[in-house]
Amino acid sequence: MRSNFSIYFLIVLLTLLPLSMLTGCGEADDTIELQFATFWPGTDFQVAEGHQAWMDEIEERTDGRVRFVMQAGEVLLGASEIYEGVSTGVADLGTTCPSYTAGMFPVTEAFEIPGLNNPNALAASLTIHEGYKVLKEKGLMEEYDDVKVLMFWATGPGDVMSTRPVETLEDIQGMEVRAVGGTVPPMEELGFTPVSMPMSDSYIALDSGIVEGILAPTDTLKGFRLAEVLDYITKTPFLYNIVFMKVMNLDTWNSLPPDIQDIIEEVSEEYVMEYGKLRADHTRAGQEFGVEEHGLEVIELSPSEEERWMEEIEPVVENWIQSKEAEGIPAEEILETVRELDERFTREHGDY
Numbered sequence: 020m021r022s023n024f025s026i027y028f029l030i031v032l033l034t035l036l037p038l039s040m041l042t043g044c045g046e047a048d049d050t051i052e053l054q055f056a057t058f059w060p061g062t063d064f065q066v067a068e069g070h071q072a073w074m075d076e077i078e079e080r081t082d083g084r085v086r087f088v089m090q091a092g093e094v095l096l097g098a099s100e101i102y103e104g105v106s107t108g109v110a111d112l113g114t115t116c117p118s119y120t121a122g123m124f125p126v127t128e129a130f131e132i133p134g135l136n137n138p139n140a141l142a143a144s145l146t147i148h149e150g151y152k153v154l155k156e157k158g159l160m161e162e163y164d165d166v167k168v169l170m171f172w173a174t175g176p177g178d179v180m181s182t183r184p185v186e187t188l189e190d191i192q193g194m195e196v197r198a199v200g201g202t203v204p205p206m207e208e209l210g211f212t213p214v215s216m217p218m219s220d221s222y223i224a225l226d227s228g229i230v231e232g233i234l235a236p237t238d239t240l241k242g243f244r245l246a247e248v249l250d251y252i253t254k255t256p257f258l259y260n261i262v263f264m265k266v267m268n269l270d271t272w273n274s275l276p277p278d279i280q281d282i283i284e285e286v287s288e289e290y291v292m293e294y295g296k297l298r299a300d301h302t303r304a305g306q307e308f309g310v311e312e313h314g315l316e317v318i319e320l321s322p323s324e325e326e327r328w329m330e331e332i333e334p335v336v337e338n339w340i341q342s343k344e345a346e347g348i349p350a351e352e353i354l355e356t357v358r359e360l361d362e363r364f365t366r367e368h369g370d371y
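The working numbering puts the first residue of the sequence shown at 20, with every later residue one more than the last.
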């Protein structure tokens, strides 16, 4: 009897199993699952606090009809592969830096030009996000036509952090510093000797004396432990700003119901400010950590000295304008828009 009962139970179980599996598939079909690629590791504040909050907000407002699968730390796509990977459908959406794919985003370069006020990440983020919308209306943002742009934000200022004090142009002549991408030309004009390397190599390079400084936001003092191998922070907000973007595959976007599209756009618009505040908060906290925990000294350039630095980097701006105008890009008009927005958001949020 026991044997017959066991066989009967097994037959019933095998009969019901496909039904349960089909029920599960039906429920899953009601949920839109989106693959989200980013280069930041999952533990970085930009993912753990920023992206996670953005995803949670959308999932909540859509009543769970949208679910994100975070592919952090370059698991799905490398930093320089994310934009193309999203545009071709390898990922549904992603975040990366336009500057990681040099030459693809010539108009966006204007927001990383040295010489802007760039007081903090909040002002910088609002400048690029609003600037994109203004320039798009003028037909000048075709470089993003193969994706759906959700939002932009930015690092805000980066400072010259060094092992010896930097107070004047004379202090920096020949000083080897870690600098990458668009920050290299202005650093060269000033007299620095830029050394290109990944941020992850900076600690060892500073500790071993390969370089004497770095141009970067102060959140790296804590996040990358650079406070352990640096002594001075010279405030240079006009030298550094890196733009970030969050974009979605066009086919994915067009497949979404209109109400979900509206929610994603609404949340993204709100989170430009949230991301800007988050980065500004971490930048401030990084500097405080360096000063209070490791005794770093903060140096403010005098107004006359800052003017000297600005004069030295002016050729970089002029060269950029000339090269873009030669390509048929109205660089003067674009830069005028950027500067107007930089002034506006500096007035409105410069004290954040």
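By construction, the Cβ of each residue, glycine as well, lies at the ideal position given by its N, Cα and C atoms.
Beta-carbon proximity list for residue i, same chain, < 7 angstroms, skipping 5 on both sides
{"i": "arginine 363", "result": "none"}
{"i": "proline 204", "result": "Val335"}
{"i": "leucine 154", "result": "Val126, Met160, Ile353, Thr356"}
{"i": "arginine 244", "result": "Tyr222"}
{"i": "histidine 301", "result": "Phe64, Asp238"}
{"i": "glutamate 100", "result": "none"}
Limits of the beta strand (DSSP E) - the one that residue i falls within
{"i": "isoleucine 253", "result": "Checking the sequence, you will find threonine at residue 253 rather than isoleucine. 251–254 is the span of the beta strand (DSSP E), which, as asked, contains threonine 253."}
{"i": "proline 213", "result": "212–214"}
{"i": "asparagine 338", "result": "Element bounds for asparagine 338: not the beta strand (DSSP E) but the alpha helix (DSSP H), 322–345."}
{"i": "serine 99", "result": "From DSSP, serine 99 is part of no beta strand (DSSP E); its letter is neither H nor E."}
{"i": "alanine 91", "result": "Alanine 91 -> no beta strand (DSSP E), and no H or E assigned at all."}
{"i": "glutamate 78", "result": "Premise fails: glutamate 78 lies in the alpha helix (DSSP H), 71–80, not in any beta strand (DSSP E)."}
Rounded C-alpha distance that separates residue i from residue j
{"i": "aspartate 71", "j": "tyrosine 371", "result": "Per the sequence shown, residue 71 should be read as glutamine rather than aspartate. Each residue's Cα considered, the two are about 23 angstroms apart."}
{"i": "phenylalanine 257", "j": "aspartate 361", "result": "11 angstroms"}
{"i": "arginine 366", "j": "leucine 188", "result": "28 angstroms"}
{"i": "glutamate 195", "j": "phenylalanine 211", "result": "6 angstroms"}
{"i": "alanine 47", "j": "glycine 97", "result": "At alanine 47 the pLDDT is 47, less than 50, meaning the model places this residue with poor confidence and gives no usable figure here."}
{"i": "glycine 242", "j": "isoleucine 261", "result": "17 angstroms"}
{"i": "glutamine 65", "j": "tryptophan 59", "result": "7 angstroms"}
{"i": "valine 248", "j": "glycine 232", "result": "9 angstroms"}
{"i": "asparagine 268", "j": "leucine 135", "result": "32 angstroms"}
{"i": "histidine 148", "j": "threonine 127", "result": "11 angstroms"}
{"i": "aspartate 250", "j": "glycine 305", "result": "14 angstroms"}
{"i": "arginine 303", "j": "isoleucine 318", "result": "15 angstroms"}
{"i": "glycine 369", "j": "aspartate 49", "result": "45 angstroms"}
{"i": "methionine 40", "j": "glycine 150", "result": "Reliability of the predicted coordinates at methionine 40 is poor, the pLDDT of 34 falling under 50, and the value obtained from them is presented with this limitation in mind. Roughly 49 angstroms separates the two Cα atoms."}
{"i": "glutamate 131", "j": "isoleucine 279", "result": "33 angstroms"}
{"i": "glutamine 341", "j": "phenylalanine 171", "result": "26 angstroms"}
Where the alpha helix (DSSP H) containing residue i begins and where it ends
{"i": "tryptophan 59", "result": "Here tryptophan 59 belongs to no alpha helix (DSSP H), and DSSP marks it neither H nor E."}
{"i": "alanine 140", "result": "140–156"}
{"i": "valine 203", "result": "203–209"}
{"i": "valine 317", "result": "Careful: valine 317 lies outside any alpha helix (DSSP H), inside the beta strand (DSSP E) at 316–319."}
{"i": "valine 357", "result": "350–368"}
One or two residues paired with residue i in a DSSP bridge
{"i": "glycine 274", "result": "First, the amino acid is wrong: residue 274 is serine here, not glycine. Beta-bridge pairing links serine 274 to no other residue."}
{"i": "arginine 86", "result": "Glu52"}
{"i": "lysine 167", "result": "Met267"}
{"i": "leucine 234", "result": "Val179"}
{"i": "alanine 173", "result": "Val262"}
{"i": "glycine 113", "result": "Ala56, Val266"}
Residue i burial status per 10 Å Cβ neighbour count (16 or more: buried)
{"i": "arginine 197", "result": "buried"}
{"i": "aspartate 82", "result": "exposed"}
{"i": "arginine 298", "result": "buried"}
{"i": "methionine 123", "result": "exposed"}
{"i": "glutamine 90", "result": "buried"}
{"i": "lysine 152", "result": "exposed"}
{"i": "valine 105", "result": "buried"}
{"i": "serine 181", "result": "buried"}
{"i": "proline 184", "result": "exposed"}
{"i": "valine 94", "result": "exposed"}
{"i": "glutamine 54", "result": "buried"}
{"i": "proline 277", "result": "exposed"}
{"i": "proline 138", "result": "buried"}
{"i": "lysine 157", "result": "exposed"}
{"i": "proline 322", "result": "exposed"}
Same chain only: Cβ atoms within 8 angstroms of residue i, ignoring 5 sequence neighbours per side
{"i": "proline 125", "result": "Glu162, Lys343, Glu346, Ile348"}
Same chain, Cβ closer than 6 angstroms to residue i, five either side skipped, listed in chain order
{"i": "glycine 200", "result": "Ser118"}
{"i": "isoleucine 69", "result": "First, the residue type needs correcting, since residue 69 is glycine and not isoleucine in the sequence shown. Cβ neighbours of glycine 69 beyond the five flanking positions: Tyr294, Leu297."}
{"i": "glycine 177", "result": "Leu234, Ala235, Pro236, Tyr259"}
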